[in-house]
Structures are given as C-alpha cells and as structure tokens.
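To start, the structure itself, in structure tokens.
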Amino acid sequence: MKSLRFISAEALVSNAQLARKSLSSVAHNLFPLLFKASYLLEQGEVIHDLVENWPLADFNLGKLLGTTVDYQEDISSRACCVCLESCLVGLRDYVLNCSSPYSKRLKVVDLTGIKDVEVQVCKCKKTLGRWARTELLSKLSFELLVEMQRLHFNPCIFDIAIDVLIDLFVTERNYELVVQALLMRCHCPLKIRCVAFRADSLTLRKLFYIIKLTDPSSLRKLEVVHNIRLEMEHLEVMFNNIHFPLLTSLTLPARAFNVQRFTAEDEPIFMTIGEKMSQMTQLTELSLAFSILTGKIRKLLSPLKTPLKLLDVSNCALNHADMAYLANSLHSNHLEVLDLSGHNVTDLYPSTFFKLLSHCSYTLKMLILEECNIQDIHVNMLILGLIPCRKLQEFKFLGNPLSSRALKCLFNVFSDLPMLKYIEFPVPRDCYPNNVTYPIDDANLSKFDHQKYESVSEELNNILLHANREDIKASTPLFGGYDAAIQETGNELGSYLLKSFKDTLENFNKALQEMN
Numbered sequence: 003m004k005s006l007r008f009i010s011a012e013a014l015v016s017n018a019q020l021a022r023k024s025l026s027s028v029a030h031n032l033f034p035l036l037f038k039a040s041y042l043l044e045q046g047e048v049i050h051d052l053v054e055n056w057p058l059a060d061f062n063l064g065k066l067l068g069t070t071v072d073y074q075e076d077i078s079s080r081a082c083c084v085c086l087e088s089c090l091v092g093l094r095d096y097v098l099n100c101s102s103p104y105s106k107r108l109k110v111v112d113l114t115g116i117k118d119v120e121v122q123v124c125k126c127k128k129t130l131g132r133w134a135r136t137e138l139l140s141k142l143s144f145e146l147l148v149e150m151q152r153l154h155f156n157p158c159i160f161d162i163a164i165d166v167l168i169d170l171f172v173t174e175r176n177y178e179l180v181v182q183a184l185l186m187r188c189h190c191p192l193k194i195r196c197v198a199f200r201a202d203s204l205t206l207r208k209l210f211y212i213i214k215l216t217d218p219s220s221l222r223k224l225e226v227v228h229n230i231r232l233e234m235e236h237l238e239v240m241f242n243n244i245h246f247p248l249l250t251s252l253t254l255p256a257r258a259f260n261v262q263r264f265t266a267e268d269e270p271i272f273m274t275i276g277e278k279m280s281q282m283t284q285l286t287e288l289s290l291a292f293s294i295l296t297g298k299i300r301k302l303l304s305p306l307k308t309p310l311k312l313l314d315v316s317n318c319a320l321n322h323a324d325m326a327y328l329a330n331s332l333h334s335n336h337l338e339v340l341d342l343s344g345h346n347v348t349d350l351y352p353s354t355f356f357k358l359l360s361h362c363s364y365t366l367k368m369l370i371l372e373e374c375n376i377q378d379i380h381v382n383m384l385i386l387g388l389i390p391c392r393k394l395q396e397f398k399f400l401g402n403p404l405s406s407r408a409l410k411c412l413f414n415v416f417s418d419l420p421m422l423k424y425i426e427f428p429v430p431r432d433c434y435p436n437n438v439t440y441p442i443d444d445a446n447l448s449k450f451d452h453q454k455y456e457s458v459s460e461e462l463n464n465i466l467l468h469a470n471r472e473d474i475k476a477s478t479p480l481f482g483g484y485d486a487a488i489q490e491t492g493n494e495l496g497s498y499l500l501k502s503f504k505d506t507l508e509n510f511n512k513a514l515q516e517m518n
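Numbers 3 to 518, taken from the working numbering, label the letters of the sequence shown in order.
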C-alpha cells in the first residue's frame, strides 16, 4: 500500500527533467522517499542526482529499499543494473561535486543490503550482481583518485572520508582491480570497508594477500569456494598469520579437510585449527561441505566458544560417533540451518539423527537432506521427526528414492507446519525407469516420465491448496537451487576448471617422460 506522499514522489520523479531541476529546493528528509520512488520506477538519472547531492550523514541501501512507512514493499531484492550503476556513479560524483565540502555530511554508505535473487522484476531485466558491484566500486574508486589529481579542486575535498560497506566477491578476473582499490584506500575519499568476502578461482598466494588487504579484523563473513585449493595445512598457515576476531560466518572449499589422508603429523595441525577457530568468539555459521571428516567432527567443533546456528556438513562422510556428538553437543539446541545431505541418516544412525532433530526442533528454520537414501519405509519416522519443528521455513530433500505415495503423505504433514514457506522435493521414484539406481547421475537425472511427474506435482500442490497453504512454494530444481554467485561467474569458473585440468595433464605427461 502506497501512501499519498509516496504517490506524489512517484509523480515527481517520473518526470526526470523536472525532478532533477527541483532537487535543490527539496527538504532533506524527503531524499529517502524520492530515492525509493526513483528506484521503483528505474529512473537512473534521478537516482544519480539524489546520491550526488545526498544531504544526510548515512546512506543505507538496504534500509532505503526495505519496508518503509510510505511504501511497505521491500524492493531490496531488485539488483537492477540501471539503478545500482546510477547509485555508484552518483557516489563518485558526490565527492567531485563542486559544492562546498563543508556541506557534505555523508559519512557511511552501506551497500550490503542488496539481495541477489533468481527472478528480477525490474524493467531492464539486467542485474548488477555482487561480483559486478565489486568490480564497479573498485573501478570508480580508482577513477576518483585519478580525477582528483587531474583537476584542481579545493584542497578540503581530500579531507572527505566516506566508509563504503560492501560484500566483496573476488575472482582472478577482477583481482588486480580490487587489489589496486584496496591499496589506494587510505588516499581515496571512498573508503572500501569489506563486511563479507567471497573468493573463487584464485591462487593461494593471491587469496592470502587480498584477505590481508580487506582488513580481516573487521570481516564478518569469509567464503573460500570452488576453485581454490585450500587444504588443511594452508588453513593452518592462514589462521596463524591472519586473525578474524569478528568473524560470524566461515565457508571452506571442498576437501579443505580429508581425514583419509591423515598422518601422525596431521593430527596436531587439525587440533591447532580447532583452537584458532575457538578464538573466533562470534562464529555462528560454519560450512564444510565435501570435506572428509569421518570421526573428527568433535575435535573440530568442541573447542568453539559459541554455539553454531548454521552447520553445513553435507557429504562429509560422518560416522555414528560424529552424529552422536552433534546430537549431544551444545550446538544442537541452537541450530537454525542444518545440512546433512549425502549421509544415509535413516539407516546408518537413525536414533542419533532423530535425537539431533529433536534437540534443534525449537530453533530449526532450514533443513537440507538431499541424497540421504530416504525411502518409503522411512517416511513415518521422518514425519515424527518433522512434526515438532514448528519454526521450519525451508525443507529440501532432493535426490531421495521416494514414491509419489510417500510424497503425498509428507505434503499432508507439511501443510501443518505453520512457518513453512519453501520445499524442494525429488522427482518421484515411480517416474523413473525400474532399473534406475540412486544417487542418480547427471546423465540420467532428467530421464523420467515428465507427464507423470507433472500430474503428481499438481496433486501435491492441490494438497497444499486444500489446506489453505498457498503460501508454500514447492519445486523440483533438478540440478540444485539457484546460486547467484555461480550464475554470475559460471563462465570464469568453467574456464578455470579446464585450465586446471589441462595443467594436471601436462604435469602428468611430464612425470611420465621423466620416468622413461
């Protein structure tokens, strides 16, 4: 519902030329209102001028686009390229603006509130994702310094200092530009302050160097993913040399730990990493997907000073002792997000798994059990485990060999979970040929009876509709859910993988030649 003030703001900014001419006579407290109206209508020129002449001490993009008194709809998920580019260019021009620097009040710009989602409703249909925002801000910061040197400005302009809070995303392709911007930060009026840092497709040398440049003492979230070969010994070096006192969230790449290759010398390294993580006293989110941690989860998690709210141990080859520790640990009573995908939870350790589920039932908001070999015979047991989870908002269980009949039983239970909003369910087993084996490989994943699936899917949605739960969205993303980072940098990721494969082959051939 739009207030009369918001409707009036829309009317003004819809005429870009008039709005731009009128800014000098607009009351300062109306700038946030005009900004949201301009963003909603994708008026790039007006957005630029609003930011360039911003009269307030702070500019928080998430709050400006979020729920407001005049317009309740949250539009922070619109990562609109036109709007965000105009916003960032306007920020650069704010510094270069010829108005007296004494009238410049802006001290903090927070760009972290933008949410990157799959479906964009903006008219331009083009997004400026996290990687592109990182690149553009770095480029504009450097351009600003060059422009300040080239033109003759009032010397006081060099006293302007604006902290720009941003979630950086760095790969090989934008590495040099970001490093350049971070190195020049002390001289630039726009001070890039990294809140969250994501790195992919970088060598370890470059990774360690740029992390140091981000000011790790104030870093809140660190994601090292995919094409970074960060193993346990490298992690020890990083933790020994770089400290993360405010870190709340840590994501490590696949095979960061691999206990199958452990030697006697590796045990102290593993213990050291646990001790270093215990010094991160605000750490509440830990993602260790595809590390091999069989029998070692207690040693890694027990030193932590604070209970985890998010734990991703998907495909970590956990054994009964690991599950028993999780079920009885301090963490179990605080978990809000739990990913146990890739573990045969209902056959290998059913009692400890359901004990864990019982302990976190009062806090759990998201549960992921993909490819856990949950079959029809386990459905009643799973229902008993899910019923107490009254705060559950998302449940993902793709890749499990469940029949359409079993799925209908589950959906009848889903309708009774009051907070549930999103479900990812598997293609029913009876839609696949009889000879299919689980887990299904990518080549056979889409070889099912699509007509039968559509019919079953309709029945499942009807169960929700009859229970007046139209608010629940249920889908089957065959190859996994949407990942904004992968979507944005997928081409670079693929190229880096091919290069790594080529280098491995060349090294292998060279080794063979030396043997001969």
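Glycine included, each C-beta is placed from N, C-alpha and C at the ideal position.
All values reported here derive from a predicted model rather than from experimental measurement.
Close Cβ partners of residue i (< 6 Å) along its chain, the five nearest in sequence each way excluded
i	result
V347	F355 and C374
S331	none
L170	T136, C196 and F199
K454	C433
T253	E225 and S289
F397	L369 and I425
S140	L179, V180 and A183
Identity of the residues DSSP links to residue i by a beta bridge
i	result
M368	V339 and E396
E426	K398 and S477
I519	No statement about residue 519 is possible, as the shown extent of the chain runs from 3 to 518 and does not include it.
V180	Per DSSP, none; premise fails for V180.
S293	Paired residue(s): none; S293 is not in a bridge.
Y41	The partner list for Y41 (beta bridge, DSSP) is empty, contrary to what the question assumes.
S251	K223 and E287
P168	The sequence shown places Ile at residue 168, not Pro. I168 is bridged to C196.
Y73	K4
L312	E287 and V339
N260	I294
T129	C82
Extent of the continuous alpha helix (DSSP H) to which residue i belongs
i	result
F355	P352 to H361
E54	G46 to E54
I465	H452 to H468
R200	Element bounds for R200: not the alpha helix (DSSP H) but the beta strand (DSSP E), L192 to A201.
D432	Run containing D432: none; DSSP gives neither H nor E here.
V119	No alpha helix (DSSP H) contains V119, which DSSP labels as neither H nor E.
D95	C83 to L98
A329	H322 to N330
A408	S406 to F416
H236	M234 to N243
G2	For the chain, the structure presents residues 3 to 518; residue 2 sits outside this window and is missing.
I271	D268 to S280
R107	Segment: none, R107 is in no alpha helix (DSSP H) and carries neither H nor E.
L2	It is not possible to answer for residue 2, since the shown part of the chain is limited to 3 through 518.
R300	I299 to L303
Counted within 10 angstroms of its Cβ, other Cβ atoms place residue i as buried (16 or more) or exposed
i	result
M3	exposed
G482	exposed
L384	buried
P157	exposed
Q45	buried
A163	exposed
Y96	buried
Y351	buried
H333	buried
P2	This structure gives no information on residue 2, because the portion of the chain shown stretches from 3 to 518.
S459	buried
G519	Any property of residue 519 remains undetermined from this structure, which presents the chain solely from 3 to 518.
D456	Residue identity differs from the one stated: residue 456 is Glu in this sequence, not Asp. E456 comes out exposed.
T69	exposed
N317	buried
The beta strand (DSSP E) enclosing residue i, as first and last residue numbers
i	result
N17	Premise fails: N17 is in no beta strand (DSSP E) and is neither H nor E.
N62	D60 to N62
D112	V110 to D112
Chain C within 9 Å of residue i, Cβ atoms only
i	result
P247	The structure shown contains no chain C; it is built from a single protein chain.
Sequence-distant residues of the same chain with beta carbon closer than 7 Å to residue i, five excluded per side
i	result
Q284	L248, L249, T250 and T308
K128	C83
L63	D112, L113, G115 and I116
Sequence-distant residues of its chain with Cβ nearer than 8 Å to residue i (five each side left out)
i	result
E472	L466
Okay, do the segment 87–102 and the segment 18–35 touch, 3+ Cβ pairs below 8 Å being the bar?
Not touching, per the Cβ criterion.
Any chance the segment 401–420 sits against the segment 464–474, with 3 or more Cβ pairs inside 8 Å?
Result yes; three or more Cβ-Cβ pairs closer than 8 Å.
Is the number of C-beta pairs between the segment 389–397 and the segment 443–461 that are closer than 8 Å three or more?
Here the segment 389–397 does not lie against the segment 443–461, with fewer than 3 beta-carbon pairs under 8 Å apart.
Would you check if there are 3 or more beta carbon pairs closer than 8 Å linking the segment 294–311 to the segment 324–340?
Flag = yes, the segment 294–311 and the segment 324–340 touch.
Using 8 Å as the Cβ pair cut-off and three pairs as the minimum, do the segment 72–84 and the segment 50–60 touch?
The segment 72–84 is not in contact with the segment 50–60.
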